[in-house]
Amino acid sequence: MALKLILMRHAKSDWKDANLSDHDRLLNTRGRHDAPKIGHWLANRGHVPQVILCSTARRTVETYERTGIKTQVQFHQSLYHSHAETMMEILQSSLSSDVMIIAHNPGIAQFAEQIVAEPPDHLRFFDFPTAATLVVTFDVKKWKEVFWKQGVAIDFTVPKDLD
6 MALKLILMRH
16 AKSDWKDANL
26 SDHDRLLNTR
36 GRHDAPKIGH
46 WLANRGHVPQ
56 VILCSTARRT
66 VETYERTGIK
76 TQVQFHQSLY
86 HSHAETMMEI
96 LQSSLSSDVM
106 IIAHNPGIAQ
116 FAEQIVAEPP
126 DHLRFFDFPT
136 AATLVVTFDV
146 KKWKEVFWKQ
156 GVAIDFTVPK
166 DLD
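In our numbering, the protein residues as written are 6 to 168.
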(Lines of atoms letter the chains of each structure in order from A and count residues from 1; the text may use other names and numbers.)
(Lines give C-alpha, C1' and ligand atoms only; values in the text may rest on other atoms or scores of the structure.)
Protein backbone atom coordinates (compact mmCIF):
# COMPACT_ATOMS: atom_id res chain seq x y z
CA MET A 1 0.00 0.00 0.00
CA ALA A 2 1.40 3.36 -1.00
CA LEU A 3 0.83 6.53 0.97
CA LYS A 4 0.01 9.80 -0.78
CA LEU A 5 0.91 13.30 0.40
CA ILE A 6 -0.36 16.55 -1.10
CA LEU A 7 1.51 19.72 -0.15
CA MET A 8 -0.11 23.06 -0.89
CA ARG A 9 1.04 26.55 -0.08
CA HIS A 10 -1.85 28.89 0.77
CA ALA A 11 -3.25 30.96 -2.08
CA LYS A 12 -2.27 34.62 -2.59
CA SER A 13 -3.05 36.73 0.47
CA ASP A 14 -4.15 40.33 0.88
CA TRP A 15 -1.75 42.89 2.36
CA LYS A 16 -4.10 45.92 2.13
CA ASP A 17 -5.25 46.09 5.77
CA ALA A 18 -2.22 47.11 7.82
CA ASN A 19 -4.25 46.68 11.02
CA LEU A 20 -4.54 42.92 10.56
CA SER A 21 -1.95 40.65 12.08
CA ASP A 22 -0.11 38.33 9.72
CA HIS A 23 -2.10 35.40 11.13
CA ASP A 24 -5.41 37.12 10.29
CA ARG A 25 -4.74 38.14 6.67
CA LEU A 26 -7.35 36.92 4.15
CA LEU A 27 -6.91 35.93 0.51
CA ASN A 28 -6.89 38.61 -2.16
CA THR A 29 -8.91 38.43 -5.38
CA ARG A 30 -6.30 36.30 -7.14
CA GLY A 31 -6.08 33.92 -4.17
CA ARG A 32 -9.88 33.53 -4.04
CA HIS A 33 -9.74 32.65 -7.76
CA ASP A 34 -6.73 30.29 -7.56
CA ALA A 35 -7.77 28.06 -4.63
CA PRO A 36 -10.82 26.57 -6.44
CA LYS A 37 -8.68 25.97 -9.55
CA ILE A 38 -6.30 23.86 -7.47
CA GLY A 39 -9.23 22.03 -5.87
CA HIS A 40 -10.64 21.15 -9.31
CA TRP A 41 -7.19 20.10 -10.55
CA LEU A 42 -6.75 17.77 -7.57
CA ALA A 43 -10.22 16.25 -7.99
CA ASN A 44 -9.82 15.79 -11.76
CA ARG A 45 -6.53 13.95 -11.23
CA GLY A 46 -7.89 11.74 -8.44
CA HIS A 47 -5.84 13.40 -5.69
CA VAL A 48 -8.49 13.71 -2.98
CA PRO A 49 -7.08 13.46 0.55
CA GLN A 50 -8.70 11.61 3.43
CA VAL A 51 -7.58 14.34 5.81
CA ILE A 52 -6.25 17.87 5.50
CA LEU A 53 -3.74 19.16 8.04
CA CYS A 54 -4.06 22.94 7.89
CA SER A 55 -2.33 25.88 9.54
CA THR A 56 -4.66 28.01 11.67
CA ALA A 57 -3.81 31.21 9.76
CA ARG A 58 -6.89 32.77 8.15
CA ARG A 59 -5.37 32.58 4.64
CA THR A 60 -4.70 28.83 4.92
CA VAL A 61 -8.18 28.17 6.32
CA GLU A 62 -9.73 30.23 3.49
CA THR A 63 -7.55 28.39 0.96
CA TYR A 64 -8.85 25.06 2.29
CA GLU A 65 -12.47 26.28 2.22
CA ARG A 66 -12.18 27.60 -1.34
CA THR A 67 -10.62 24.42 -2.76
CA GLY A 68 -14.02 22.80 -2.33
CA ILE A 69 -12.43 19.61 -1.01
CA LYS A 70 -14.93 17.91 1.29
CA THR A 71 -12.98 15.84 3.78
CA GLN A 72 -11.89 15.80 7.39
CA VAL A 73 -9.73 18.77 8.34
CA GLN A 74 -7.47 19.20 11.34
CA PHE A 75 -6.19 22.67 12.19
CA HIS A 76 -2.70 22.90 13.67
CA GLN A 77 -1.34 26.11 15.18
CA SER A 78 2.12 24.55 14.87
CA LEU A 79 1.81 24.59 11.03
CA TYR A 80 1.72 28.40 11.10
CA HIS A 81 5.15 29.38 9.70
CA SER A 82 6.52 26.00 10.73
CA HIS A 83 9.81 24.43 9.76
CA ALA A 84 10.05 21.32 7.59
CA GLU A 85 10.90 19.23 10.67
CA THR A 86 7.67 20.28 12.40
CA MET A 87 5.66 19.37 9.30
CA MET A 88 7.34 15.97 9.26
CA GLU A 89 6.44 15.37 12.93
CA ILE A 90 2.80 16.27 12.28
CA LEU A 91 2.67 14.10 9.15
CA GLN A 92 4.22 11.11 10.92
CA SER A 93 1.46 11.23 13.54
CA SER A 94 -1.30 10.86 10.90
CA LEU A 95 -3.25 7.63 10.61
CA SER A 96 -4.76 8.36 7.16
CA SER A 97 -3.14 7.04 3.98
CA ASP A 98 -3.87 10.13 1.84
CA VAL A 99 -2.93 13.39 3.58
CA MET A 100 -2.85 17.01 2.47
CA ILE A 101 -0.92 19.76 4.26
CA ILE A 102 -1.76 23.42 3.67
CA ALA A 103 0.90 25.72 5.09
CA HIS A 104 3.32 28.58 4.43
CA ASN A 105 6.68 29.42 2.88
CA PRO A 106 9.50 29.03 3.51
CA GLY A 107 8.62 25.85 5.45
CA ILE A 108 6.36 24.20 2.86
CA ALA A 109 8.95 24.78 0.09
CA GLN A 110 11.72 23.34 2.25
CA PHE A 111 9.55 20.38 3.19
CA ALA A 112 8.69 19.72 -0.48
CA GLU A 113 12.32 19.91 -1.52
CA GLN A 114 13.51 17.62 1.26
CA ILE A 115 10.74 14.99 1.01
CA VAL A 116 11.23 14.03 -2.66
CA ALA A 117 14.02 11.83 -3.99
CA GLU A 118 13.98 13.87 -7.22
CA PRO A 119 12.20 17.18 -7.73
CA PRO A 120 9.53 17.50 -10.41
CA ASP A 121 10.63 19.07 -13.68
CA HIS A 122 8.98 22.45 -13.17
CA LEU A 123 10.53 25.93 -13.12
CA ARG A 124 8.51 27.03 -10.07
CA PHE A 125 9.12 24.02 -7.81
CA PHE A 126 11.97 25.47 -5.77
CA ASP A 127 10.31 28.81 -4.99
CA PHE A 128 6.90 27.16 -4.38
CA PRO A 129 4.71 30.21 -5.20
CA THR A 130 1.30 30.78 -3.66
CA ALA A 131 -1.11 27.87 -4.25
CA ALA A 132 1.71 25.68 -5.60
CA THR A 133 0.70 22.05 -5.09
CA LEU A 134 2.86 18.92 -5.02
CA VAL A 135 1.63 15.32 -4.94
CA VAL A 136 4.06 12.72 -3.61
CA THR A 137 3.77 8.96 -3.03
CA PHE A 138 5.70 6.74 -0.66
CA ASP A 139 6.08 2.98 -0.84
CA VAL A 140 5.55 2.42 2.89
CA LYS A 141 2.60 1.44 5.09
CA LYS A 142 2.77 4.09 7.82
CA TRP A 143 3.78 7.74 7.92
CA LYS A 144 6.22 6.91 10.72
CA GLU A 145 8.23 5.04 8.04
CA VAL A 146 8.60 8.16 5.87
CA PHE A 147 11.92 10.01 5.86
CA TRP A 148 13.63 12.71 3.80
CA LYS A 149 14.38 12.12 0.10
CA GLN A 150 12.07 9.09 0.02
CA GLY A 151 9.03 10.42 -1.85
CA VAL A 152 8.24 10.12 -5.54
CA ALA A 153 6.81 13.32 -7.02
CA ILE A 154 3.88 12.31 -9.22
CA ASP A 155 2.27 15.70 -9.86
CA PHE A 156 3.01 19.40 -9.41
CA THR A 157 1.24 22.54 -10.51
CA VAL A 158 0.88 26.25 -9.91
CA PRO A 159 -2.26 28.26 -10.70
CA LYS A 160 -0.76 29.84 -13.85
CA ASP A 161 -0.44 26.33 -15.32
CA LEU A 162 -4.23 25.99 -15.09
CA ASP A 163 -5.21 29.24 -16.86
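Note that the Cβ used here is the ideal one computed from N, Cα and C, for glycine as well.
Query	Result
Quick check for students: name the residue ranges of the alpha helix (DSSP H) that lie wholly in the stretch 34-117, counting only runs of 4 or more.	34-49, 63-72 and 89-97
Counting beta carbon pairs with one atom in the stretch 88-105 and one in the stretch 129-137, are three or more of them shorter than 8 Å?	no
Can you tell me whether DSSP reads D132 as helix, strand or coil?	coil
Answer yes or no: do M92 and L84 have a C-beta to C-beta separation smaller than 9 Å?	yes
In the DSSP assignment, find the beta strand (DSSP E) that holds V163 and state where it starts and stops.	First-last for V163: undefined, no H or E at that position.
Is the stretch 58-77 in contact with the stretch 105-120, if contact means three or more CB pairs nearer than 8 Å?	yes
For I159, which residues from the same chain have a beta carbon less than 6 Å from its beta carbon, with the 5 sequence-adjacent residues on both sides left out?	V140 and T142
Could you tell me the alpha carbon to alpha carbon distance between H28 and W20, rounded to whole angstroms?	12 Å
Give the range of the beta strand (DSSP E) segment to which L8 is assigned.	L8 to R14
Enumerate in chain order the residues of its own chain whose CB-to-CB distance from L96 is below 6 Å, with the five nearest sequence positions on each side excluded.	W148
Given that a residue counts as buried once 16 or more other Cβ atoms are within 10 Å of its Cβ, and exposed if not, what is A23?	exposed
Run the CB neighbour count on H15, radius 10 Å, all protein chains shown included, and call it buried at 16 or more, exposed below.	buried
Give the DSSP bridge partners of S18, in chain order.	L32
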